[in-house]
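Read in order, the letters of the sequence shown are residues 1 to 701 in UniProt numbering.
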Amino acid sequence: MEDGKSQSSTARKTRCYLAIREVELMTSSKRKIRRPVNLLIPLEVQDSANDQDSANEFGDNPKDIQDSADPEHNEPTLLSNGKDPSATTHDYNLRPRPTRPKIIDAIATTSSSQRNKTFKSWFLFYLMIVSYLGVTATPHTPLIQMTCSDKGVLVSKAHNNVTFEICTDQSCIHYDDQERKVVATFPPEYTLQDYRVMLKWSTGQEKATVETVCRALDFCENIDCWFCLQVLCNPECWPIGAISVFIFSLYLVVTACYLLLYVPMTIGKPIRLILCGTYIILAWILSTFGRCILQLGRCITSGHKRSRRQGLLMALAVVLYITAVAPGGARACQLVEAFEHRLTVCSMSTEGQTCNITTTELLKLNAFKQEACLRILYNSSLISNIKVRWKGLYLSCEKETLYFTRPTTLKVLDSKRCAHTGSCIEEKCANINSSTLVRELEEANHYPGRTRCLELCGWLGCGCWYPSSRCLFYTVYAVPTAETIYEVFRCMRWSQQVKLLPTMEDFHHDGGKQQYELMVKPNIPVKLSSLRLTMTSVSLPPTPLLHSYFISNGHETSIWDKSRVPNLICISPKRAANLDCSVAEDCRCEPAESKVKCECSTIDVEKEFDHLEAKLPIRSPVWELSTSEDSTVTAKILDMVSADVTVNFQSTLKEVAMMVHNGHCSIEDADLNGCYSCSQGARSTVRCKFERKTLGEVICD
Numbered sequence: 001m002e003d004g005k006s007q008s009s010t011a012r013k014t015r016c017y018l019a020i021r022e023v024e025l026m027t028s029s030k031r032k033i034r035r036p037v038n039l040l041i042p043l044e045v046q047d048s049a050n051d052q053d054s055a056n057e058f059g060d061n062p063k064d065i066q067d068s069a070d071p072e073h074n075e076p077t078l079l080s081n082g083k084d085p086s087a088t089t090h091d092y093n094l095r096p097r098p099t100r101p102k103i104i105d106a107i108a109t110t111s112s113s114q115r116n117k118t119f120k121s122w123f124l125f126y127l128m129i130v131s132y133l134g135v136t137a138t139p140h141t142p143l144i145q146m147t148c149s150d151k152g153v154l155v156s157k158a159h160n161n162v163t164f165e166i167c168t169d170q171s172c173i174h175y176d177d178q179e180r181k182v183v184a185t186f187p188p189e190y191t192l193q194d195y196r197v198m199l200k201w202s203t204g205q206e207k208a209t210v211e212t213v214c215r216a217l218d219f220c221e222n223i224d225c226w227f228c229l230q231v232l233c234n235p236e237c238w239p240i241g242a243i244s245v246f247i248f249s250l251y252l253v254v255t256a257c258y259l260l261l262y263v264p265m266t267i268g269k270p271i272r273l274i275l276c277g278t279y280i281i282l283a284w285i286l287s288t289f290g291r292c293i294l295q296l297g298r299c300i301t302s303g304h305k306r307s308r309r310q311g312l313l314m315a316l317a318v319v320l321y322i323t324a325v326a327p328g329g330a331r332a333c334q335l336v337e338a339f340e341h342r343l344t345v346c347s348m349s350t351e352g353q354t355c356n357i358t359t360t361e362l363l364k365l366n367a368f369k370q371e372a373c374l375r376i377l378y379n380s381s382l383i384s385n386i387k388v389r390w391k392g393l394y395l396s397c398e399k400e401t402l403y404f405t406r407p408t409t410l411k412v413l414d415s416k417r418c419a420h421t422g423s424c425i426e427e428k429c430a431n432i433n434s435s436t437l438v439r440e441l442e443e444a445n446h447y448p449g450r451t452r453c454l455e456l457c458g459w460l461g462c463g464c465w466y467p468s469s470r471c472l473f474y475t476v477y478a479v480p481t482a483e484t485i486y487e488v489f490r491c492m493r494w495s496q497q498v499k500l501l502p503t504m505e506d507f508h509h510d511g512g513k514q515q516y517e518l519m520v521k522p523n524i525p526v527k528l529s530s531l532r533l534t535m536t537s538v539s540l541p542p543t544p545l546l547h548s549y550f551i552s553n554g555h556e557t558s559i560w561d562k563s564r565v566p567n568l569i570c571i572s573p574k575r576a577a578n579l580d581c582s583v584a585e586d587c588r589c590e591p592a593e594s595k596v597k598c599e600c601s602t603i604d605v606e607k608e609f610d611h612l613e614a615k616l617p618i619r620s621p622v623w624e625l626s627t628s629e630d631s632t633v634t635a636k637i638l639d640m641v642s643a644d645v646t647v648n649f650q651s652t653l654k655e656v657a658m659m660v661h662n663g664h665c666s667i668e669d670a671d672l673n674g675c676y677s678c679s680q681g682a683r684s685t686v687r688c689k690f691e692r693k694t695l696g697e698v699i700c701d
């Protein structure tokens with residue numbers, strides 16, 4: 001048994017040895033490595049020629065492999081052609097294997113290249129250095145960032161000395177804080193709905209503006225007061241606080257009445273008598289009115305009583321009336337005011353007289369009635385559908401330049417001269433006017449200014465030898481502090497443009513559906529394929545800001561205060577550059593011995609121009625003021641505007657009908673979120689299910 005066990009063990013070892021599973025390879029560095037056979041000779045189905053070449057390249061003789069097998073253990077041996085006998089023939093065809101590079105050559109090449117190893121090592125080192133520099137490099141951070149938060153708008157500044165202004169459609173807040181992060185909070189009635197925020201700041205040379213739309217905030221969470229009207233008028237936010245405020249307010253009212261009426265005072269008794277008399281008069285009026293109503297009811301009920309049938313008919317009529325009046329329907333097109341006019345136009349020629357009937361529709365569009373739909377018919381056949389939609393009213397400023405100016409500061413220069421010396425000769429101050437250039441004031445003669453002269457005491461007591469009055473010359477002149485030239489202008493006229501979106505769907509020709517975007521000016525027709533649009537009139541709400549003065553440096557524009565006049569007034573930019581201008585000053589000067597003391601109000605034009613509150617764009621709930629790419633001041637009126645648009649059809653038509661789709665929409669119950677006693681009111685998201693896309697209008701009673 002021991003011999004049998006050892007013999008079987010030897011057989012298994014021999015069988016494992018005869019099955020070639022790995023090969024030892026010798027590298028150029030005398031290192032032995034082991035590799036499986038399938039990494040050297042792929043064990044795939046291939047042509048006999050490829051197998052023979054692969055075997056020969058590997059250096060193995062198939063005959064030697066066959067002879068080394070032990071026939072006693074029935075081990076599978078390799079034939080002389082390098083294939084298994086069972087794999088010599090197949091019933092199917094396989095695509096030939098693509099040629100692959102020799103693995104042994106690749107191993108030998110990579111292992112013998114010491115230079116490539118060095119290059120790869122240094123390449124990885126350089127790559128590491130570049131990656132480190134890229135990570136440690138300080139990224140360019142913007143000067144200021146704005147993020148919407150649950151409490152308002154979070155403004156992050158890169159530096160402490162950055163002033164900015166943040167505005168919504170209702171209010172603006174100016175910040176000069178030194179903190180890096182500032183949370184701008186607005187009243188809860190302004191953030192009740194999705195609100196648009198505009199951030200303006202100055203970068204030193206120019207102004208930057210960022211706009212975003214923040215999501216609506218919860219009204220109750222943003223009430224930041226304890227004893228205020230918001231808490232009292234919105235008890236659902238804080239019931240205990242609202243009850244406490246009401247009780248405390250009632251206590252104050254009762255206490256005030258008690259102190260005023262019942263505390264022994266001279267005025268207490270007359271007030272009580274007046275209140276008692278008022279109470280008696282009101283009670284008598286109410287009782288008389290009640291008796292009259294009772295008598296009227298008795299007279300009506302004492303007459304002929306209605307039959308049951310009449311009562312049912314009256315009830316049915318009331319129900320039908322309520323059903324007809326109730327706003328339960330929706331329209332695909334809004335019902336706007338339209339007036340139709342037909343005109344026969346005849347033209348005379350050598351061939352005779354030709355007459356056509358033209359049709360004109362007058363549509364009244366505004367911010368509420370924004371879309372009108374027309375249906376063109378000919379011989380009871382639909383020709384086309386036309387939709388005209390209102391997108392807004394835009395005003396462009398036609399400016400009138402008032403003057404040019406530069407940032408300046410006012411200075412005073414004086415000089416004393418005795419009689420018969422210097423410029424104090426002959427008639428003395430009588431020859432001096434505001435534009436006279438005095439030699440004693442040579443330093444100020446290079447700048448624009450105003451010259452004046454005062455005659456003071458003379459002789460020995462005043463420091464002069466002649467017994468005559470001396471002259472005190474002085475000038476107030478403007479010295480520029482910057483090279484920037486500003487233009488102050490106003491808008492003598494605002495050109496009006498209405499943005500319309502007409503859509504035409506032609507069924508008579510293969511034109512298909514066409515949509516246009518037009519900027520229509522008053523009384524200037526715009527021709528389309530088969531019609532002509534003309535805006536005849538525009539009505540505007542009172543907008544006092546349109547009559548303001550503006551100041552511009554060629555890149556930015558601000559609102560200028562009319563009451564403030566700069567110290568330097570120029571009629572052209574060239575004269576402003578050469579300082580060939582006049583000076584506007586309101587100095588009050590008084591002599592003080594041999595000097596002059598003046599009090600002047602200097603207007604810093606550059607500082608006034610850089611005020612963020614006055615720089616465009618500026619937004620309010622009803623208008624927007626901004627500048628276009630060519631620095632033209634433009635205004636967009638958002639509300640309380642209307643325009644009359646005429647649609648003239650160039651072809652002969654039989655009928656033009658106003659298209660209105662009546663239907664019933666189903667509306668689910670929705671929550672009403674908002675506040676009491678606030679300008680924003682309440683908001684509710686109502687989902688109306690209708691068979692087509694529609695533009696709805698909500699009418700609140």
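Backbone N, C-alpha and C fix where the C-beta goes; we use that ideal spot for every residue, glycine too.
C-alpha distance - residue i paired with residue j, whole-angstrom precision
i      : j      : result
Ser249 : Leu546 : 45 Å
Thr344 : Cys355 : 7 Å
Asn234 : Thr168 : 23 Å
Ser396 : Asn445 : 43 Å
Tyr190 : Val197 : 11 Å
Lys689 : Ser558 : 48 Å
Thr141 : Thr147 : Note on Thr141: pLDDT 49, under 50, position unreliable in the model; the coordinate value appears next. In a straight line, the C-alpha of Thr141 is about 15 Å away from that of Thr147.
Thr685 : Gln193 : 11 Å
Asp586 : Ser601 : 7 Å
Asp218 : Cys225 : 15 Å
Lys597 : Cys589 : 5 Å
Ala184 : Met535 : 43 Å
Lys200 : Ser620 : 15 Å
Val622 : Lys391 : 15 Å
Leu528 : Pro573 : 44 Å
Val438 : Tyr466 : 21 Å
Arg575 : Ser548 : 25 Å
Of the residues the options, the one placed nearest residue i, counting alpha carbons only
i      : options                        : result
His611 : Ala577, Glu556, Val565, Phe649 : Glu556
Cys257 : Glu179, Ile271, Phe246         : Ile271
Glu608 : Cys598, Lys562, Ala283         : Lys562
Pro188 : Lys200, Ser171, Asp176         : Ser171
Gly152 : Asn161, Tyr195, Arg180         : Tyr195
Arg375 : Arg564, Lys416, Val647         : Val647
Ala643 : Pro36, Ala367, Ala635          : Ala367
Cys471 : Val479, Glu483, Cys457         : Cys457
Ala419 : Glu236, Leu437, Ser381, Leu460 : Leu460
Gln370 : Lys615, Glu455, Leu501         : Leu501
Arg21  : Glu361, Leu39, Val476          : Leu39
Phe186 : Ala216, Thr451, Glu668, Ala338 : Ala216
Thr212 : Glu361, Ile637, Cys373, Gln145 : Gln145
Ser469 : Glu455, Ala478, Glu24, Arg342  : Glu455
Tyr477 : Lys499, Trp494, Tyr447         : Tyr447
Residue i - DSSP class collapsed to helix/strand/coil
i      : result
Glu411 : Glu is not the amino acid found at residue 411; the sequence shown has Lys there. It is a strand residue.
Pro544 : helix
Thr536 : strand
Gln515 : strand
Ile618 : strand
Val686 : coil
Residue i vs residue j beta-carbon contact at 7 Å
i      : j      : result
Met519 : Gln497 : yes
Leu410 : Glu443 : no
Ile569 : Ser552 : no
Ile603 : Asn567 : yes
Val488 : Leu393 : no
Ser381 : Asp506 : no
Leu365 : Val645 : yes
Any chain B beta carbon closer than 7 Å to residue i
i      : result
Ser539 : Checking the listed chains, one finds no chain B in this structure; it contains a single protein chain.
query = Which parts of the stretch 219-269 are runs of the alpha helix (DSSP H), unbroken and 4 residues or longer, counting only runs that do not cross its ends?
reply = Complete alpha helix (DSSP H) runs here, min 4: 229-233, 239-261.
key: Ranges of the beta strand (DSSP E) found wholly within the stretch 345-403, counting only runs of at least 3   = 352-366, 371-378, all fully within the stretch 345-403.
key: Length-filtered (3 minimum) beta strand (DSSP E) runs lying within the stretch 467-511   = The stretch 467-511 contains, as complete beta strand (DSSP E) runs of 3+ residues, the segments 470-480, 486-506 (chain order).
Within the stretch 569-653, ranges of the alpha helix (DSSP H) (whole runs, at least 4 residues) = Taken in chain order, the complete alpha helix (DSSP H) segments of 4 or more residues contained in the stretch 569-653 are 573-578, 605-609.
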